[in-house]
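Report on the structure given below.
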Amino acid sequence: MTVRGVLKTLSPLFACIGLLCVWQIASLRLDTESFPTALESIKAIPSILGDKGSLLNILDSIRRMAIGLVLAVMFAIPLGLLMGRIKAVAAFFNPLMMIIYPVPKAALMPIIMLWMGVGDVSKILVIFLGVSLPIIYHAFQGSKAVEEKMLWSGAAMGMSAPMRMLRIVLPAALPEILTGCRTGLVLALITMITSEMIARQSGAGNILFNSLDMAQYDTVFAMILIIGAMGIVFDAAFEKLRLSLVRWSQPRDDMPLSFT
Numbered sequence: 024m025t026v027r028g029v030l031k032t033l034s035p036l037f038a039c040i041g042l043l044c045v046w047q048i049a050s051l052r053l054d055t056e057s058f059p060t061a062l063e064s065i066k067a068i069p070s071i072l073g074d075k076g077s078l079l080n081i082l083d084s085i086r087r088m089a090i091g092l093v094l095a096v097m098f099a100i101p102l103g104l105l106m107g108r109i110k111a112v113a114a115f116f117n118p119l120m121m122i123i124y125p126v127p128k129a130a131l132m133p134i135i136m137l138w139m140g141v142g143d144v145s146k147i148l149v150i151f152l153g154v155s156l157p158i159i160y161h162a163f164q165g166s167k168a169v170e171e172k173m174l175w176s177g178a179a180m181g182m183s184a185p186m187r188m189l190r191i192v193l194p195a196a197l198p199e200i201l202t203g204c205r206t207g208l209v210l211a212l213i214t215m216i217t218s219e220m221i222a223r224q225s226g227a228g229n230i231l232f233n234s235l236d237m238a239q240y241d242t243v244f245a246m247i248l249i250i251g252a253m254g255i256v257f258d259a260a261f262e263k264l265r266l267s268l269v270r271w272s273q274p275r276d277d278m279p280l281s282f283t
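Using our numbering, the first residue of the sequence shown is number 24, and each one after it goes up by one.
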């Protein structure tokens, strides 16, 4: 590997180190208890991950996030594909999407808590709502971009409409769908933490706010680092999966969001 290749590979790491250095210097200059240094926050991470209760809380968060994401994928991909190919479906759902999309999903949390309580169901529902919309949009765009000639060829070969959707539209739209799923994965993490901050029973968001209430600021910033690391790991793992599934598609000049 050339020097340029090494620098390109390690550039995200250098960016993180630079950010930590800026954080360390800013904390030392401000010298306030509510803004611990980067080193103090990093030192608090092993105590969090080594505590059984904290680890179970983080695993609870990942479980809720995974359930909400899977449910959103199962619902949003078929709906987006249908909206892209059937005008009546798009005409029915488009106004609903326009109404729901601008509403912050965290704003729905108090209402959902009144209906469903403060347990897992309400948090999973908020994650589901936050993740579904970008996946629907990208599935819609991918489905709409499929060339009509391909569908005509499938019909000429005797394929039924459901079979054409499964054998032609879905594979052709898969790169766009996976882009939406990648966006949804990040939103699932954000919505998960937000919901746990509002309905504080368990989870990473609960640890974050409990530490803030007890003025354990090093733990607060350590949890922020852990959540950020979770985002990087999830995104990198999904990007590897995406590349393996759509290696045949044309590369796009997207902004790099992971270490992959």
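For every residue, glycine included, the Cβ atom is placed at its ideal position computed from N, Cα and C.
- When rounded, the separation of the alpha-carbon atoms in I230 and M182 is 54 angstroms.
- In this structure, I191 keeps its C-beta atom at 8 angstroms or more from the C-beta atom of I216.
- Taking the C-beta atoms as reference points, R86 is found no nearer than 8 angstroms to I150.
- Annotation for G91: the continuous alpha helix (DSSP H) segment containing it runs 75-108.
- Take K167, set aside five residues on each side of it, and the residues of its chain with a beta-carbon closer than 6 angstroms to its own are G107, in chain order.
- For the set I200, P157, R187, the Cα lying nearest the Cα of A211 is the one of P157.
- Annotation: the segment 154-227 contains no complete segment of the beta strand (DSSP E) (minimum length 3 residues).
- With a 10 Å radius around the Cβ and a threshold of 16 neighbouring Cβ atoms, T202 comes out buried.
- Going by C-alpha positions, Q239 is about 18 angstroms away from E219.
- Within the same chain, and ignoring the five residues on either side of A129 in sequence, the residues whose Cβ sits closer than 6 angstroms to its Cβ are T217.
- Of all alpha-carbon atoms in G153, S176, T25, R265, the one lying nearest the alpha-carbon of I123 is that of G153.
- Remark: three or more beta-carbon pairs, one from each stretch, lie closer than 8 angstroms, so the segment 52-69 and the segment 240-248 are flagged as touching.
- The criterion of a C-beta distance shorter than 8 angstroms is satisfied by G165 and I200.
- A straight-line Cα-Cα distance of about 11 angstroms links M173 and M180.
- Counting the other CB atoms within 10 Å of its CB gives F257 a total of 16 or more, which places it among the buried residues.
- I213 is the residue among I213, L137, S57 whose C-alpha sits nearest the C-alpha of P127.
- In the three-state scheme derived from DSSP, where H, G and I count as helix and E and B as strand, V141 is classed as coil.
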